[in-house]
Each structure stands twice: as structure tokens, then as C-alpha cells.
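Heads up: the structure comes next, in C-alpha cells.
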Amino acid sequence: MKLYRILQIALLLTSPIFTNRASSQELPQDPAILKGQLKNGFTYIIRKNTVPKKKLTVYLVIKAGSVLENDNQRGLAHFMEHMSFNGTKHFPANSLVEFLQKAGVRFGADLNAYTSFDETVYQLPIAADDVTLVDQALQVIRDWAQDATLDQAELDKERGVVLEEERMRSGIQSRMSERLMPIIYNRSKYASRLPIGVDSVLKNFDRETILSFYRDWYRPDLEGIIVVGDIDPKGIEQKVKALFDDLKVPAVPKLRPDFQIQLNGARQYAVITDKEMQGSSLQVIYKFPHRKLRTNADYLEYLKRNLFNLVLANRLQSVYQNNAAFYLGAGASVQPILSNVDAFTITVSTKNGLLKPGFQALWREMTKIRDNGFTDVELETAKTFYLSRVQAQADEVDKAPSGQLAGEYTRLFLQGEASPGVLKEAELTTAYLPTISPNHLKQLMKRYLAMPDRDVIASGPESAKDKLPIEAALAGWLDEADASSAPTGIANSGQFDVERKPLIEAISSPGKIVSSKEIKAFDGHELVLSNGLRIIVKPTTFQNNEIAFSAFSPGGTSVTKDADFRSASLAAAIVSQSGIGSFGSETLRLKLTGKIAGVSPFINERFAGLYGATNISDLETALQLTYLYFTSPRKDTTIFQSEIGRLTASLQNKIDVPDNQFADTVNAVLTNNSYRRKPISLDEVKEIDLDKILKFYREQFSDASNFTFVFVGNVNLETAKPLFEKYLGALPTSNSHYNWHDLNIRIPSGKLTKTVKAGDEVKATVSMVISGDYLFSIEENLKLEGIKQMLEIHLIERLREKESGVYSPKVNLDLSKYLKQYAFSISFTCAPSNVDKLIDATWQEIKSIKDLGPTADDLKKFQSEQSSAIESSLETNRFWLSYLTNQYQNQEDITAVQRQRELLKSFNSEVYRDAAQRYLTDRNYIRLVKLPKDR
Numbered sequence: 000m001k002l003y004r005i006l007q008i009a010l011l012l013t014s015p016i017f018t019n020r021a022s023s024q025e026l027p028q029d030p031a032i033l034k035g036q037l038k039n040g041f042t043y044i045i046r047k048n049t050v051p052k053k054k055l056t057v058y059l060v061i062k063a064g065s066v067l068e069n070d071n072q073r074g075l076a077h078f079m080e081h082m083s084f085n086g087t088k089h090f091p092a093n094s095l096v097e098f099l100q101k102a103g104v105r106f107g108a109d110l111n112a113y114t115s116f117d118e119t120v121y122q123l124p125i126a127a128d129d130v131t132l133v134d135q136a137l138q139v140i141r142d143w144a145q146d147a148t149l150d151q152a153e154l155d156k157e158r159g160v161v162l163e164e165e166r167m168r169s170g171i172q173s174r175m176s177e178r179l180m181p182i183i184y185n186r187s188k189y190a191s192r193l194p195i196g197v198d199s200v201l202k203n204f205d206r207e208t209i210l211s212f213y214r215d216w217y218r219p220d221l222e223g224i225i226v227v228g229d230i231d232p233k234g235i236e237q238k239v240k241a242l243f244d245d246l247k248v249p250a251v252p253k254l255r256p257d258f259q260i261q262l263n264g265a266r267q268y269a270v271i272t273d274k275e276m277q278g279s280s281l282q283v284i285y286k287f288p289h290r291k292l293r294t295n296a297d298y299l300e301y302l303k304r305n306l307f308n309l310v311l312a313n314r315l316q317s318v319y320q321n322n323a324a325f326y327l328g329a330g331a332s333v334q335p336i337l338s339n340v341d342a343f344t345i346t347v348s349t350k351n352g353l354l355k356p357g358f359q360a361l362w363r364e365m366t367k368i369r370d371n372g373f374t375d376v377e378l379e380t381a382k383t384f385y386l387s388r389v390q391a392q393a394d395e396v397d398k399a400p401s402g403q404l405a406g407e408y409t410r411l412f413l414q415g416e417a418s419p420g421v422l423k424e425a426e427l428t429t430a431y432l433p434t435i436s437p438n439h440l441k442q443l444m445k446r447y448l449a450m451p452d453r454d455v456i457a458s459g460p461e462s463a464k465d466k467l468p469i470e471a472a473l474a475g476w477l478d479e480a481d482a483s484s485a486p487t488g489i490a491n492s493g494q495f496d497v498e499r500k501p502l503i504e505a506i507s508s509p510g511k512i513v514s515s516k517e518i519k520a521f522d523g524h525e526l527v528l529s530n531g532l533r534i535i536v537k538p539t540t541f542q543n544n545e546i547a548f549s550a551f552s553p554g555g556t557s558v559t560k561d562a563d564f565r566s567a568s569l570a571a572a573i574v575s576q577s578g579i580g581s582f583g584s585e586t587l588r589l590k591l592t593g594k595i596a597g598v599s600p601f602i603n604e605r606f607a608g609l610y611g612a613t614n615i616s617d618l619e620t621a622l623q624l625t626y627l628y629f630t631s632p633r634k635d636t637t638i639f640q641s642e643i644g645r646l647t648a649s650l651q652n653k654i655d656v657p658d659n660q661f662a663d664t665v666n667a668v669l670t671n672n673s674y675r676r677k678p679i680s681l682d683e684v685k686e687i688d689l690d691k692i693l694k695f696y697r698e699q700f701s702d703a704s705n706f707t708f709v710f711v712g713n714v715n716l717e718t719a720k721p722l723f724e725k726y727l728g729a730l731p732t733s734n735s736h737y738n739w740h741d742l743n744i745r746i747p748s749g750k751l752t753k754t755v756k757a758g759d760e761v762k763a764t765v766s767m768v769i770s771g772d773y774l775f776s777i778e779e780n781l782k783l784e785g786i787k788q789m790l791e792i793h794l795i796e797r798l799r800e801k802e803s804g805v806y807s808p809k810v811n812l813d814l815s816k817y818l819k820q821y822a823f824s825i826s827f828t829c830a831p832s833n834v835d836k837l838i839d840a841t842w843q844e845i846k847s848i849k850d851l852g853p854t855a856d857d858l859k860k861f862q863s864e865q866s867s868a869i870e871s872s873l874e875t876n877r878f879w880l881s882y883l884t885n886q887y888q889n890q891e892d893i894t895a896v897q898r899q900r901e902l903l904k905s906f907n908s909e910v911y912r913d914a915a916q917r918y919l920t921d922r923n924y925i926r927l928v929k930l931p932k933d934r
């Protein structure tokens with residue numbers, strides 16, 4: 000539906016008669032959804048969607064999670080999720096994962112699942128154009144629903160894997176969660192049901208205990224299948240009916256309790272410290288019942304809340320920037336906690352010792368809004384922004400990816416909330432936004448701050464414990480801040496001046512297109528402007544109204560001296576936060592309200608440039624921003640001092656936590672202790688200079704003839720050419736022709752072992768780096784990628800499935816054309832006692848690949864996964880922007896992706912074996928291990 004049609008309907012909706020009558024009407028279901036329920040209570044939600052083409056996303060959603068566990072089952076809802084991949088009626092042992100990998104499904108990336116408090120969700124993407132494969136995928140879902148085998152041998156193997164997952168997640172976050180949950184969840188059952196469970200259960204439960212959970216809660220009246228993709232919905236419906244109709248409900252089914260966080264007016268205070276916490280923070284959490292989205296009136300309240308969050312975020316951005324003396328972070332918003340409870344949460348992070356003034360400054364802003372509300376300008380700005388985003392979604396209604404829709408329908412099934420569809424939401428938004436006034440949002444703030452259920456939580460490092468407030472002091476802080484509240488100083492003035500003022504007050508003479516050629520290799524075009532700037536354009540129809548672009552020029556921080564490096568490294572960040580031309584950051588935000596036009600400069604080690612995102616109608620605005628980022632970076636000493644203040648504070652608050660110590664060690668070892676890779680110090684922060692920043696930035700963007708732009712998306716070339724000439728053709732040239740410098744930062748050769756002992760967690764972290772020299776090419780890159788992926792498959796099968804010693808081993812590959820170096824990084828966490836055994840097992844798997852080459856199954860998995868990933872990527876703007884940018888940056892063949900597809904089919908096991916023998920050697924091997932400090 001076109002936008003004018005949405006607006007036309009909105010005129011009808013906003014009439015007083017309609018608005019009053021519609022408020023109690025139930026929201027309709029999106030007519031594109033086919034929804035039904037079998038006699039056994041099993042629910043299905045099906046929708047045809049062609050993004051991506053020839054693909055299908057299937058979810059099994061179960062209204063059963065960790066909150067349903069008995070005390071002797073803690074962790075078994077999550078364990079059951081694991082066991083679904085370790086043997087079902089039609090896919091014994093590990094054959095399910097094997098089968099799906101051969102079908103091009105990547106375990107972990109595509110094939111996945113999660114367990115939460117109230118639900119378990121299995122996710123399976125599959126090719127839709129293979130009827131046999133679709134039938135098998137539905138059989139997988141059917142098996143998960145009620146036919147997991149829970150074989151004793153598989154249970155015993157998976158026990159170690161789940162314990163390793165728990166070990167991997169252990170640390171400050173898990174410790175803080177355990178202490179916060181009883182408070183936030185009001186000591187309900189949720190507070191003692193983290194899905195990962197407890198060791199005492201995980202190590203000792205028997206098969207009957209997990210089987211009891213499975214039989215009680217994996218049943219059709221609590222289950223639903225979601226199928227979204229390039230399929231015939233009616234045909235899928237018939238398959239679902241035939242396959243799932245025989246699912247059995249127990250003769251005497253257990254009542255599925257509706258556990259909730261009880262709201263009883265409790266006022267709770269807590270002070271929590273941890274030796275690894277960085278900085279001090281304070282949270283005030285107001286809890287209240289969640290309002291489900293079912294009627295038009297609910298939707299109006301939903302819009303009010305979204306606008307409230309948006310206006311509040313804009314207000315606090317100003318507060319945050321103007322209180323750099325003590326803020327490290329500040330925010331407030333309304334968000335759900337669990338299905339029956341939402342919360343208005345106010346959070347502030349400060350330098351140690353400044354928690355009180357930092358919090359009180361933020362609290363005063365809250366009370367200003369409570370007493371005075373927001374201004375008309377603030378609300379209208381937010382409305383314009385919000386409506387532009389809703390309209391953008393409506394423009395892309397037929398381009399939403401299937402995974403996104405499946406996620407929305409998961410919430411529909413679990414929470415019973417409406418799913419009216421994007422077009423209906425656009426109609427309602429357009430209709431109801433004009434009815435929302437500043438007073439509505441003021442009343443929301445009054446209501447939130449008056450909620451009787453309130454938690455106040457102060458947290459910080461153990462070293463600052465004496466500076467954190469006790470309960471009585473926390474209450475006093477709130478009272479003091481209330482008493483000192485002053486009227487808001489924000490006014491409506493200046494808005495219309497901003498609206499009238501042009502982004503660019505004066506522009507240089509436009510350039511001309513001096514050459515133009517078609518590039519058939521990717522259905523694109525190359526333009527060269529009279530100032531030497533080159534433009535690559537690939538028009539696409541993957542989206543309806545999206546244009547993405549990049550620009551780059553050789554240079555970057557590599558051209559600076561070490562003495563200027565720290566200033567140079569902050570240049571793009573400081574400039575992007577300071578506004579451009581005559582617009583400060585706040586006025587620029589107001590000027591761009593309602594526009595889909597974002598441009599962000601970057602400067603990395605070898606390149607300077609920018610990234611942009613816009614649509615058809617706002618392309619000119621995006622090009623104006625681009626022109627200004629080249630020609631008119633803005634000097635804002637307030638922004639600069641604010642950011643330097645926060646950087647200083649973060650370093651002053653920094654605590655050497657074990658993971659950071661290990662990361663710093665890895666970084667130092669792999670870069671030969673290069674100065675350019677070292678963390679910044681407090682002394683170096685003092686040397687950062689704003690004038691140096693701006694000088695360096697201007698130099699990097701001074702020569703348009705050295706820049707290449709890449710545009711991908713809904714670009715009408717004939718419409719765009721005059722704009723390119725006007726704004727990009729007017730960019731200055733200096734004939735400086737910067738190029739990046741080789742800083743000679745390379746992974747050291749030879750063998751090296753380094754062990755870091757830090758922390759108390761009984762956890763080891765292992766990083767194995769195998770590196771060497773190579774010549775960058777399509778052929779060698781594909782061989783290395785194949786080795787990487789097949790090695791990871793081997794390590795999952797060996798270290799996880801056979802040894803039960805790790806949860807998620809990872810193999811990363813870094814390839815550098817310019818350094819002429821490759822590096823495999825193998826990493827995992829494990830028990831400290833297993834480090835040597837698992838490293839030895841890793842080398843055994845490497846030897847197997849080198850001696851025997853990948854198996855036929857390994858090769859098929861890699862080829863299928865790569866082919867599937869490439870085919871999906873080729874239909875996205877994101878891929879083409881990244882691909883073309885990289886190919887032109889590296890001066891590589893633009894037909895590489897087509898060549899890669901050909902090579903993928905032709906390379907056999909022997910090719911990868913020969914490559915493994917050349918690349919997987921121990922000549923250059925670095926072993927890095929973190930152990931607890933007492934080991």
C-alpha cells in the first residue's frame with residue numbers, strides 16, 4: 000500500500016466518531032497470516048514471504064521454560080533443549096546435526112535454540128525449493144515436539160557440555176545476576192530459576208528426572224509451529240495437520256501455572272559490590288503491570304510509551320553532554336521485565352565517589368519532567384522522527400526477512416498479543432500521533448514516579464564500598480533531589496530558525512561527470528567526476544526504498560607519528576559528535592528530524608572515509624551531509640572536553656579484571672608489543688589536542704581525487720547524476736594523494752607460550768594462534784576458509800561431542816593482503832585441569848585433516864553451507880556494499896564472488912588436504928592460556 004493510501008485512511012481514523020469507537024475494538028490479525036489449531040491443541044502460524052527467496056524459516060515454540068522446573072530439575076529445561084540435538088526418533092544420536100549441515104544449515108549460526116524462563120524456542124532455516132528437505136525439516140520439528148530419545152549415553156556426554164557452558168558464562172555478569180534477580184523479580188520463583196541451572200542438579204540428575212520434565216511440558220497444547228518463507232501456506236498447513244495431529248496430550252495433564260512477579264507495593268534497597276566492577280552506578284526501578292497489545296486503545300498507549308521513551312532519550316542526551324563532570328552514562332526508559340511486568344528504569348554511572356551528585360542531577364531532570372512535562376518542540380520532533388521510521392517500514396512491507404516475521408509471530412503465540420501487520424500499524428500510527436499531547440507524556444512520568452513498587456540499587460567495586468550509600472542514605476538522596484528541583488530551562492525558541500536555515504549556506508562550483516562506463520560484471524556503473532573522485536553504483540531492488548553508501552581513501556592513522564597517534568585515533572569520533580558546519584549536534588538532530596539520512600565518518604589505520612544510509616527522497620540530504628563532513632568539520636570545545644573527561648574517568652575507574660588482563664596480553668604478544676596496539680594511558684589522554692584532531696581530520700578529507708564512493712540500492716542513476724555533480728563534484732582536491740604506511744605490525748614468527756594467572760573463577764581460557772606468510776588470492780582465500788570451517792566442525796565433534804570438555808570452540812581466520820600473512824585463532828574455555836588434554840586433542844584433529852584431508856561429509860557440509868550463505872548474501876544491499884567496498888579498497892577482481900562459486904564446486908578433498916599441510920603447521924605457533932591465579 001502506498002503512503003498516500005495510508006494517510007487517506009488515517010484521515011478517516013482521526014475523526015472523533017471513529018477514534019472513540021475504535022478505542023475498544025480489537026486489533027485485527029494480519030491477513031497474510033494463516034493461523035489455526037489442531038484438535039490436540041497444537042497451534043500453527045504460517046505465512047508466505049519471499050525474503051530471502053527459496054528459503055524457509057521454521058520455529059517450534061513451547062510455552063515451557065525454567066520457571067516450570069521443580070527443585071530437583073533446576074537447569075533441565077535448558078538441558079532438554081540440548082538433548083533435542085542429541086537423538087530423536089528419526090534422527091538418532093548426532094545424525095540430526097549431520098543431516099542439516101549437509102543441507103547447508105550452519106549449527107549455531109542458522110540452526111539454533113534458546114531456553115528462557117517461560118519458553119523454549121527452536122529455530123530451523125532451510126531451503127524451500129526442495130520438497131524432500133522441507134518434509135524432513137517438518138519431521139525434525141515433529142521429533143522435537145515429542146520424540147526426543149534422551150539416550151542415557153548421550154545424556155552423560157551432554158552433561159559435561161552444559162557444565163562447560165555454565166563455566167564459560169561464569170564471571171561478573173553471572174555473579175551480579177544472581178544478586179540482582181531476587182530484588183528485581185520480587186523474590187518470585189523466577190529469581191531462583193536462571194535457565195543454566197545449578198551444579199548440584201546438572202552433575203547428578205538421572206534420566207527419569209529430565210524425562211518427567213519432557214513428558215509434563217513438551218505437549219501439543221503448549222506447543223506451536225511457525226513457518227515463514229517462500230512456500231504455499233495451504234500446502235504447508237496440510238503437511239502440519241498430517242504430521243502433528245497425532246501428538247498426545249497426557250491423560251491427566253499438569254496445570255501449566257501462570258507464574259508472575261507479584262506487585263505488592265514493596266520498596267527495596269540494595270547495595271551490591273564486586274571486585275571486578277568498573278565504576279559506580281545507581282538504578283531506580285519502578286515496576287507496574289504490563290498492558291498487552293490487543294485493542295486500538297492498547298495501541299494508543301503503546302504509541303504514547305514509545306514517544307515517551309524517544310523524547311526522554313533526546314532530553315537526557317543533552318543532560319548527559321552538559322554534565323560530563325561526573326557522568327559516565329545516564330539513561331531512563333520503559334521496558335518489559337517479564338511478560339506480566341514492565342518497568343521504568345533510571346540508571347546513572349559515574350566516577351567513583353561522585354555517585355550522589357551524578358544521580359541527583361539526573362533525578363532533578365526526572366522531577367522537572369514530572370512537574371513541567373516536555374515542550375511542544377520536543378514532542379513534535381519525536382513524532383516526526385517516529386512517523387518517518389514507521390513509514391519506512393511500510394515502504395518495505397514486502398521486503399521483511401522471514402526470520403524477523405517468525406520472531407514477531409513467536410511473541411504472538413507466547414503472549415497472545417496482536418500482530419496486525421506493518422500496514423495496519425502505519426495507519427494507526429498516522430491516525431493517533433496527532434492526538435498525543437505533551438500533557439499525555441507528563442502524566443506518564445507522574446504515573447511512573449508514583450508507582451509503589453520501587454527498587455533502588457547501588458553498585459560499585461569493592462574498593463569503593465565505603466563511598467556507596469547505605470539504605471537510609473539512598474532514601475535521603477531522593478528526598479534532597481526532590482527538594483532542590485527547579486523548573487525546566489528548555490524552551491521552544493529556535494526551532495523554526497533551525498527549520499528554515501539551510502544545511503549548506505554556500506557551496507563550491509559543481510563538478511562534471513567526465514567519464515561513465517557500465518560494469519556488466521555486477522550490473523553496475525562507474526562514474527568519474529572532474530575533481531577526480533570515482534563513484535561506483537550498483538542499482539538493486541532488494542529493498543523498495545533503501546540506499547547505502549561508503550567512501551574511502553588510503554591514508555588513515557598509519558600516516559601519523561606516534562606523538563600524534565592518540566589525537567588522530569579520536570578524530571572521526573570527535574568530529575561526528577560535534578555537528579557540522581553551523582549546526583551543533585543538537586541543532587543538527589533537529590534539522591534532520593523526519594529525514595532518513597545518516598552519515599558517519601571513520602578513520603582507521605589504513606583508510607579514511609564514511610558510511611551513509613538514506614532513501615530515495617533523502618539522497619540529496621545525505622549528500623549534503625557528506626559535503627559538510629568533507630569541508631566543514633566543526634570545532635566544539637564543550638563536546639571535546641566532555642569526551643576527554645569521560646575517557647579520563649573510565650581509565651581512573653579501570654580495574655584489571657582477569658579477562659582484560661588476558662586480552663591485553665594476547666594483544667601485546669600478537670602485535671610484538673606495538674605501541675599502536677597498546678591501551679591508552681591517563682598520561683596520553685592529557686596530550687590529546689583538539690586542534691591536532693581537526694588538522695588531521697581535514698588532511699584526511701582534503702583530496703577528493705583520492706576517494707572512491709560506492710552506492711548500492713534504489714539508485715536512479717539519471718536522477719542521482721546531477722546530485723553527484725553538485726555535491727561530490729564540488730569537493731576540494733589537494734593532489735596530496737595520501738597512501739597508508741606499513742607499520743610493520745605482524746604476528747611474531749616461531750613458537751611462543753604465554754600463561755596469565757588471574758582471577759578466582761575455576762575457568763581456563765585458551766587461544767592457539769597458527770600463522771604464516773601467504774599470497775592473497777581468491778583461490779588461496781577459499782582454501783583457507785575451507786580449512787577454517789572444516790577444522791571448526793572437527794573441533795566441535797571432538798572437543799565438545801566426544802570429550803565433553805568445551806561448550807563452543809571457535810576458529811577464526813584473519814587474512815591480510817598487505818601484510819601477506821594469514822592467522823588461524825582457535826579459542827575455547829574449559830576446566831583448568833583439561834587445558835593440556837584439549838590442546839593435544841586439537842593438534843590431533845589438525846593432524847587428521849593434514850594426513851587424510853577432509854572427509855566426504857566434511858566437504859559436503861562446507862560446500863552446502865558456503866553455497867547457501869553466498870546465495871542469500873547476493874540478494875542483500877549489505878553484502879554488495881561490503882563486497883564492492885572491499886574489492887575496490889584491495890584493488891581486487893570484482894568478479895571474485897562468481898569465481899568463488901565456481902571454485903567451491905571444483906575443489907575436492909585433496910585440494911584442502913594439500914592446503915592444510917602448507918598452512919596448518921606448528922612453525923609459527925603461539926599458545927596463550929589464562930588460568931586462575933592460584934593454579
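First residue of the sequence shown: 0, per numbering that gives the first Met the number 0; consecutive thereafter. Every residue, glycine too, gets a C-beta built ideally from N, C-alpha and C. On a predicted model such as this, the values are computed, not experimentally measured, just so you know.
With which residues is residue i paired in a DSSP beta bridge?
| i | result |
| --- | --- |
| residue 326 | 349 |
| residue 294 | 25 |
| residue 276 | Answer by DSSP bridge pairing: none, since residue 276 is not bridged. |
| residue 806 | Per DSSP, none; premise fails for residue 806. |
Measure the C-alpha to C-alpha separation of residue i and residue j and round it to an integer number of angstroms.
| i | j | result |
| --- | --- | --- |
| residue 977 | residue 173 | Look at the range of the chain in this structure, 0 to 934, and you will see that residue 977 is not part of it. |
| residue 418 | residue 399 | 14 Å |
| residue 294 | residue 77 | 35 Å |
| residue 788 | residue 199 | 36 Å |
| residue 430 | residue 299 | 10 Å |
| residue 64 | residue 115 | 5 Å |
| residue 30 | residue 899 | 42 Å |
| residue 439 | residue 595 | 27 Å |
| residue 859 | residue 875 | 25 Å |
| residue 387 | residue 370 | 30 Å |
| residue 351 | residue 364 | 22 Å |
| residue 254 | residue 41 | 16 Å |
| residue 313 | residue 374 | 12 Å |
| residue 867 | residue 104 | 8 Å |
Classify residue i as helix, strand or coil using the three-state DSSP reduction.
| i | result |
| --- | --- |
| residue 517 | strand |
| residue 113 | strand |
| residue 930 | strand |
| residue 258 | coil |
| residue 815 | strand |
| residue 542 | coil |
| residue 642 | helix |
| residue 238 | helix |
Taking 8 Å as the threshold (C-beta atoms), are residue j and residue i in contact?
| i | j | result |
| --- | --- | --- |
| residue 108 | residue 120 | no |
| residue 708 | residue 534 | yes |
| residue 629 | residue 555 | no |
| residue 287 | residue 452 | yes |
| residue 942 | residue 228 | The chain is shown only over 0 to 934; residue 942 falls outside these bounds and no answer can be derived. |
Notebook entry, point to check: Which runs of the alpha helix (DSSP H) spanning at least 4 residues fall entirely within the stretch 864 to 912, listed in chain order?
Noted result: Entirely contained in the stretch 864 to 912, the alpha helix (DSSP H) runs reaching 4 residues are, in chain order, 876 to 888 and 895 to 905.
Checklist line | Continuous alpha helix (DSSP H) assignments of at least 4 residues falling wholly in the stretch 545 to 602 | finding: 561 to 568, 570 to 576 and 584 to 590, all fully within the stretch 545 to 602.
Checklist line | Runs of alpha helix (DSSP H) lying entirely within the stretch 370 to 428, each at least 4 residues, in chain order | finding: Segments of the alpha helix (DSSP H) lying fully in the stretch 370 to 428: 375 to 394 and 401 to 414.
Next item on the list: Taking only runs that begin and end inside the stretch 716 to 800, name each unbroken beta strand (DSSP E) of 3 or more residues, in chain order.
Entry: Qualifying beta strand (DSSP E) stretches, in chain order: 750 to 756 and 763 to 772.
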